[in-house]
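Input: a single structure, listed below in structure tokens.
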Amino acid sequence: MDSNVKAINANVKAEEVAIEFQDLDLISAPVIDSNNKLLGQITIDDVVDVIQDQVNSEIFNMAGLDDEDDMFAPILISSKRRAVWLGANLVAAFIVATAVSLFQETLDQIVILAVLMPIVASMGGVAGNQTLILVIRGIAMGKIQKSNAIKLLNKEALVALLNGFIWSIVVSIIAVIFFRTKWEIGIIVGISMLINIIASAIAGVSIPFILKRIGIDPALAGGVMMTTLTDVLGFITFLGLATVFLPYII
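Residues in the sequence shown are numbered consecutively from 0, following numbering that gives the first Met the number 0.
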């Protein structure tokens, strides 16, 4: 067999074959066994099917569903498959609620904080999920590995720092002008958002590797972890700073 022709070993995973075709711009490739014996041929049409299956699986996983979940499956089977992640989200919601309850006295004294809290958490969540999806996709395609993870982490942290700085200023101004809060509260909102966005970006890179290390699919569990983390961190940072500077606000 011509050694210049790129051959695919029959034992290679379908996802890895798709990466080979993408990186080398292949149209077709021979398939060989461990003894270099020709077994057949794989074409771009086969690879497209693999990529489509991957995309479908990721879409299902982002919603906490199994990619084998038939929309016309029996009610009890569908309910059982979905109940696990609904329960996980419920636990996450209780964790967030517990974090907020720690600052009940502060919220009672400054009601406007309850209005601004979701903004801090939401911005962190969006930033974190942007990074999370990027990393999960990169790992699945073989483009992100341990060797370049630190480089990616530094890059995402700097991107978060830049975006966080810009939007924290914007939100601080909006809080003061639109919600007519004191400028001290506006500053606290901005600082909290900056911290949350940077931390969320770092978590977005770290979570997939952590989940993969312990044998959990990052695409399935990453979203729940990210949402919980950004909500808890955002609320604690925002309400914590407000509590510390409470004498200067009221």
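In this text, a Cβ means the ideal position worked out from N, Cα and C, and glycines have one as well.
Could you check how far apart the C-beta atoms of Ile7 and Ile43 are, in whole angstroms? I think they sit under 8 angstroms.
Contact flag wrong, Cβ pair sits at about 13 angstroms.
Does the structure place the region 94–109 close enough to the region 210–220 that three or more beta carbon pairs sit under 8 angstroms?
Pairwise C-beta distances place the region 210–220 out of contact with the region 94–109, as fewer than three of them are shorter than 8 angstroms.
Who are the near neighbours of Val231 in its chain, counting only those whose CB is closer than 8 angstroms to its CB and skipping five residues on each side?
Ile94, Val95, Ala98
How do the region 188–205 and the region 117–133 stand: do at least 3 beta-carbon pairs fall below 8 angstroms, yes or no?
yes
Tell me the DSSP secondary structure of Ser33 in three-state form.
Ser33 falls in the coil class under three-state DSSP.
Can you give me the C-alpha to C-alpha distance between Ala91 and Arg81, rounded to a whole angstrom?
16 angstroms
Given a cut-off of 8 angstroms on the beta-carbon distance, is the pair Pro252 and Ile135 in contact?
The question about residue 252 has no answer, for the chain in this structure spans 0 to 249.
Counting only beta-carbon atoms, is Ala91 nearer than 8 angstroms to chain B?
Of the protein chains in this structure there is only one, and it is not chain B.
So what does Ser27 bridge to, in DSSP terms?
Thr42
Is the beta carbon of Ile249 closer than 8 angstroms to that of Trp241?
As written in the sequence, residue 241 is Ala, which differs from the Trp given in the question. Against a cut-off of 8 angstroms, the Cβ pair of Ile249 and Ala241 comes out as no contact.
Starting from Asn153, trace the alpha helix (DSSP H) both ways and give me its first and last residue.
145–176
Determine whether the beta carbon atoms of Leu38 and Val30 lie at a separation below 8 angstroms.
yes
Taking all protein chains shown into account, do 16 or more other C-beta atoms lie within 10 angstroms of the C-beta of Ile187, making it buried, or fewer, making it exposed?
buried
Do three or more CB pairs link the region 103–117 to the region 138–158 at distances below 8 angstroms?
no
Pick helix, strand or coil for Asn8, following the three-state DSSP scheme.
strand
When the distance is taken between beta carbons, is Ser191 closer than 8 angstroms to Phe237?
Result yes, Cβ atoms of Phe237 and Ser191 sit closer than 8 angstroms.
In chain order, what residues of the same chain lie with their CB nearer than 8 angstroms to the CB of Met0, ignoring the 5 residues before and after it?
With a pLDDT of only 49 at Met0, under the threshold of 50, the placement of this residue in the model should not be trusted, and no figure is reported.
Which stretch, first to last residue, makes up the alpha helix (DSSP H) that contains Arg81?
74–100
Would a C-beta distance cut-off of 8 angstroms place Glu19 and Val49 closer than the cut-off?
no
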